[in-house]
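Peer 1: Below: one structure in structure tokens.
Number of protein chains: 2
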Amino acid sequence: DFVDVDPFGTPVPYIQGAFGAAADGGVVSLTSTDTAVLCGVYPEVCRRRYSSLPLKNEFKHETALRILLNACRRIAGMNDIGIEPIAAHSTRHYLRVYARVRVGAAQADRSRRQEGFIASCEKCGERGSSSLPIVMCDGCGAGTLSAGPLWIGPLTDPRVVGAALNVSRRSNLGGGAKALDALLGLEYFPPFSYSVERISSALKVPGVSQSEVMRRLASNGYRVMKQPFEKTGFKTEATYGAVAEAVSAVSRDARLEKAPLHARPT
Amino acid sequence: DFVDVDPFGTPVPYIQGAFGAAADGGVVSLTSTDTAVLCGVYPEVCRRRYSSLPLKNEFKHETALRILLNACRRIAGMNDIGIEPIAAHSTRHYLRVYARVRVGAAQADRSRRQEGFIASCEKCGERGSSSLPIVMCDGCGAGTLSAGPLWIGPLTDPRVVGAALNVSRRSNLGGGAKALDALLGLEYFPPFSYSVERISSALKVPGVSQSEVMRRLASNGYRVMKQPFEKTGFKTEATYGAVAEAVSAVSRDARLEKAPLHARPT
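Protein chains in written order, with my numbering: chain A, 77 to 342; chain B, 77 to 342.
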């Protein structure tokens, strides 16, 4: 049982109908070409259509997908229907989400508890999420930008993503396999990502390589993955302090390597 | 052009259809028998159905009507439709709202700016409203209870209410005239009311008469009216300080009158 909504522009007017038409346990998928609105180019339009404040920053596509899913959650919830996201992607000019339909007031309430806010400190690059809006940065005390309400729970069902990846590989669907592969492990991470550029600029150190920082965090025992919805950025379970420490360490090592031998500390 | 929704239980599943079916400038009316949910008996259900936190206090019916109107506003807004409330009432076990339909994204955005929160201090009885949740009481610094998001704009169109009152009187519709009469002047007041009982208890003075307090505020130059949606309570444009002062003054005068002549200050 599968309902696919692929309209011109925003899918919001069709969400109630789509979730109402799907059977319990069925799947609804929605395309949105409303990318600019969901990514924060027109915040007033986003508030009108999705009842949520977007954030135009380095993980705006992930935020956009989470705003879209929470709109599905809210509208399905009005009819006592819960949602369970299965997968999401941001491709070219459009966004797309897939969610399982769970009929019942208890299921709708369970979904509601995945609603929250994401905060981004524009000064130091710290990120956070909470069930309430966050106004101050834990890291540096500066005011933060807060997006939401949006879906802060899991975006993927790892079993479905894993099975779909197998099918894609067996069927030689290169593009599909690549997109699904990028989602593997997403369930372990918080609903935001870090920008190495932003952090190195806050720390006032020269730019460093993202893959080096990810390697450093991994060797310190933290899970890391590339941000699947953006061109750059990475996700990690490490605290901001640990991320900033890794950026500093990588930058220090790079400077040491570049320095002539006689200038190195002995 | 008039669409009336009078369902069993919550009208939320029918809001999108009702506002979509009405013509520009037409009127949608909705009945809700979901009174307990909107009045704060089941906050989780209210959050699921209306995406709003209710407040079970002395003006819970007004809060309920404002939550219902904001749900209309939010859902109509998804289809680029704005709303203009005309009238609202709480009668026996049900709530009812009437709103004009204004088609267009600009109209929907104008309606959205009437969304906000109402705060109630359970300690001193102070109230307030704001476009953001209020966490601390202006009056006494205690934590407040905040309801919303809800409609903090006008609940009535005074021209329509006035004209309907004339018709009701000419047609000897006693009940209708009484209900409409109670709404006259509502547009001048903030979206909450005060409880004399709550304030006299916070001030630790004996209970005083609400009509005396209202008279005192009126003679001090403030507009006052009885809370039309509750059994007791009154609305005023006066600050909480002025209201508390009036309660103190009325209480002092009552004690003076009761005291034997020889005990009165000379």
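We put the beta carbon where it would ideally sit given N, CA and C, even for glycine.
1) Can we say the stretch 192-204 of chain A touches the stretch 182-199 of chain B, given the rule of at least three CB pairs closer than 8 Å?
2) Name the chain A residues whose beta carbon is nearer than 7 Å to that of B:S207?
3) Compare the beta carbon distance of B:I210 and B:R178 with 8 Å and say whether it is the shorter of the two.
4) Would you mind stating whether B:R176 and B:I151 have Cβ atoms separated by less than 8 Å?
5) Evaluate A:H169 with the Cβ neighbour count: other Cβ atoms within 10 Å of its Cβ, from every protein chain shown; 16 or more gives buried, anything less gives exposed.
6) Cβ atoms of B:F310 and B:Y270: under 8 Å apart, would you say?
7) Per DSSP, which residues does B:M212 bridge with? Please list them.
8) Quick one: what does DSSP say A:T315 is sitting in, helix, strand or coil?
9) Can you say whether A:G217 is buried or exposed, counting buried as having 16 or more other CB atoms within 10 angstroms of its CB?
10) What are the boundary residues of the alpha helix (DSSP H) that B:E353 is part of?
11) List the residues of chain A that B:G153 touches, going by C-beta distances under 9 Å, in chain order.
12) Just to make sure I have the definition right: I need the residues of chain B whose C-beta is within less than 8 Å of the C-beta of A:A184. Which are they?
13) Can you give, in chain order, each stretch of the beta strand (DSSP E) that sits fully within the stretch 152-210 of chain B and has at least 3 residues?
14) When you check each C-beta in the stretch 82-94 of chain A against every C-beta of chain B, which residues fall closer than 7 Å?
15) Please list, in chain order, all residues of the same chain as B:A344 whose beta carbon is under 7 Å from its beta carbon, the five residues on each side excluded.
16) Mind checking the stretch 165-185 of chain A against chain C and listing, in chain order, the residues whose C-beta falls within less than 8 Å of any C-beta there?
17) Between B:E160 and chain A, is any beta-carbon pair separated by less than 8 Å?
18) So with Cβ pairs under 8 Å, would you call A:R150 a contact of chain B?
19) Is there a Cβ of chain A sitting closer than 8 Å to that of B:E120, yes or no?
20) Answer yes or no: does any C-beta atom of chain A fall closer than 8 Å to that of B:R142?
21) Between the Cα of A:N133 and the Cα atoms of A:S295, A:P282, A:R203, A:P161, which residue gives the shortest distance?
22) Judging by CA-CA distance, which residue of A:A278, A:L260, A:R125, A:Y264 is the nearest neighbour of A:G238?
23) In chain order, what are the residue ranges of uninterrupted alpha helix (DSSP H) at least 4 long that sit wholly in the stretch 259-338 of chain B?
24) A:L141: buried (16+ other C-beta within 10 angstroms of its C-beta) or exposed?
25) Please determine if the stretch 314-333 of chain A and the stretch 272-290 of chain A are in contact, where contact requires at least 3 C-beta pairs separated by less than 8 Å.
26) Nearest chain A C-beta to B:R188 closer than 8 Å, yes or no?
27) What residue from B:D329, B:L256, B:P119, B:E333 has the CA that sits closest to B:K136's CA?
28) Got a sec? Which residues, its chain only, sit under 8 Å from A:C115 by beta carbon, not counting five neighbours each side?
29) Assuming B:F95 contacts B:V104 (C-beta within less than 8 Å), just tell me the rounded distance between them.
30) Just list the residues that DSSP pairs B:D80 with in beta bridges.
31) If we ignore side chains and look at the alpha-carbon of each, how far apart do B:A258 and B:M301 end up?
32) Buried or exposed: which applies to A:T312, given that a residue is buried once 16 or more other Cβ atoms fall within 10 Å of its Cβ?
33) Indicate the three-state DSSP secondary structure (helix, strand or coil) for A:P344 in the structure shown.
34) In the DSSP assignment, find the alpha helix (DSSP H) that holds B:L114 and state where it starts and stops.
35) So the candidates are A:L231, A:F84, A:Y126; which of them puts its Cα closest to the Cα of B:A147?
Peer 2: Well, looking at it:
1) no
2) Taking the second sequence and counting its residues from 1, one reaches residue 207 of chain B at position 131. Neighbours of B:S207 on chain A: none; closest Cβ ~11 Å, over 7 Å.
3) Start at 1 with the first residue of the second sequence, and residue 210 of chain B comes out as number 134. Start at 1 with the first residue of the second sequence, and residue 178 of chain B comes out as number 102. No, Cβ-Cβ distance for B:I210 and B:R178 is not below 8 Å.
4) The count along the second sequence starts at 1 and reaches residue 176 of chain B at position 100. The count along the second sequence starts at 1 and reaches residue 151 of chain B at position 75. Taking 8 Å as the Cβ cut-off, B:R176 and B:I151 do not qualify as a contacting pair.
5) As a first step, residue 169 of chain A is located in the first sequence; it is residue number 93 there, counting from the start. Per the 10 Å Cβ criterion, exposed.
6) For the purposes of this step, residue 270 of chain B is identified with residue 194 of the second sequence, where counting begins at 1. For the purposes of this step, residue 310 of chain B is identified with residue 234 of the second sequence, where counting begins at 1. Yes.
7) Here residue 212 of chain B is taken as the residue at index 136 of the second sequence, counted from 1. According to DSSP, B:M212 bridges with B:G219.
8) By one-based count along the first sequence, residue 315 of chain A stands at place 239. DSSP places A:T315 in coil when its eight states are reduced to three.
9) Within the first sequence, the letter at position 141 stands for residue 217 of chain A. It counts as exposed.
10) As displayed, chain B neither begins before 77 nor continues past 342, which places residue 353 of chain B out of reach and without an answer.
11) As a working note, residue 153 of chain B is residue 77 in the second sequence. What B:G153 touches in chain A: R123, R124, R125, S127.
12) As a working note, residue 184 of chain A is residue 108 in the first sequence. Within 8 Å Cβ-Cβ: R124.
13) 157-167, 170-179, 191-196, 203-206
14) V88, P89, Q92
15) Nothing in the structure corresponds to residue 344 of chain B, since chain B is present only between 77 and 342.
16) Checking the listed chains, one finds no chain C in this structure; the protein chains it contains are A and B.
17) To locate residue 160 of chain B, count along the second sequence from 1; it is residue 84. No, B:E160 does not count as interfacial toward chain A.
18) Here the question's residue 150 of chain A lines up with position 74 in the first sequence. True, the Cβ-Cβ gap to chain B drops below 8 Å.
19) Counted from its first residue, the second sequence places residue 120 of chain B at position 44. Taking Cβ atoms only, chain A reaches closer than 8 Å to B:E120, which makes this a yes.
20) Locating residue 142 of chain B in the second sequence gives position 66, counting from the first residue. Judged by the 8 Å Cβ criterion, B:R142 is not in contact with chain A.
21) The residue labelled residue 133 of chain A in the question sits at position 57 within the first sequence. The candidate whose alpha carbon is nearest that of A:N133 is A:R203.
22) As a first step, residue 238 of chain A is located in the first sequence; it is residue number 162 there, counting from the start. Here the closest residue by C-alpha is A:L260.
23) 272-278, 286-295, 316-334
24) Within the first sequence, residue 141 of chain A is the residue found at index 65, counting from 1. Classification of A:L141: buried, given that the 10 Å Cβ count is 16 or more.
25) yes
26) For the purposes of this step, residue 188 of chain B is taken as residue 112 along the second sequence, with counting starting at 1. Chain A, which has a Cβ nearer than 8 Å to the Cβ of B:R188, makes this yes.
27) Taking the second sequence and counting its residues from 1, one reaches residue 136 of chain B at position 60. Checked all of B:D329, B:L256, B:P119, B:E333; the closest Cα to B:K136 is B:P119.
28) The residue given as residue 115 of chain A occupies position 39 in the first sequence. These residues qualify, in order along the chain: P130, K132, K136, H137, T139, A140.
29) Walking along the second sequence from the start, residue 95 of chain B turns up at place 19. Walking along the second sequence from the start, residue 104 of chain B turns up at place 28. Rounded, the Cβ-Cβ distance is 6 Å, consistent with contact.
30) On the second sequence, position 4 is the one that residue 80 of chain B refers to. B:S105.
31) Position 182 of the second sequence, counted from the first residue, corresponds to residue 258 of chain B. Position 225 of the second sequence, counted from the first residue, corresponds to residue 301 of chain B. Between B:A258 and B:M301, the C-alpha separation is close to 9 Å.
32) One-based indexing of the first sequence puts residue 312 of chain A at position 236. Result: buried.
33) Absent from the model: residue 344 of chain A. The displayed extent of chain A is 77 to 342, so no value can be given.
34) By one-based count along the second sequence, residue 114 of chain B stands at place 38. Element bounds for B:L114: 111-114.
35) By 1-based counting over the second sequence, the position of residue 147 of chain B is 71. The candidate whose alpha carbon is nearest that of B:A147 is A:Y126.
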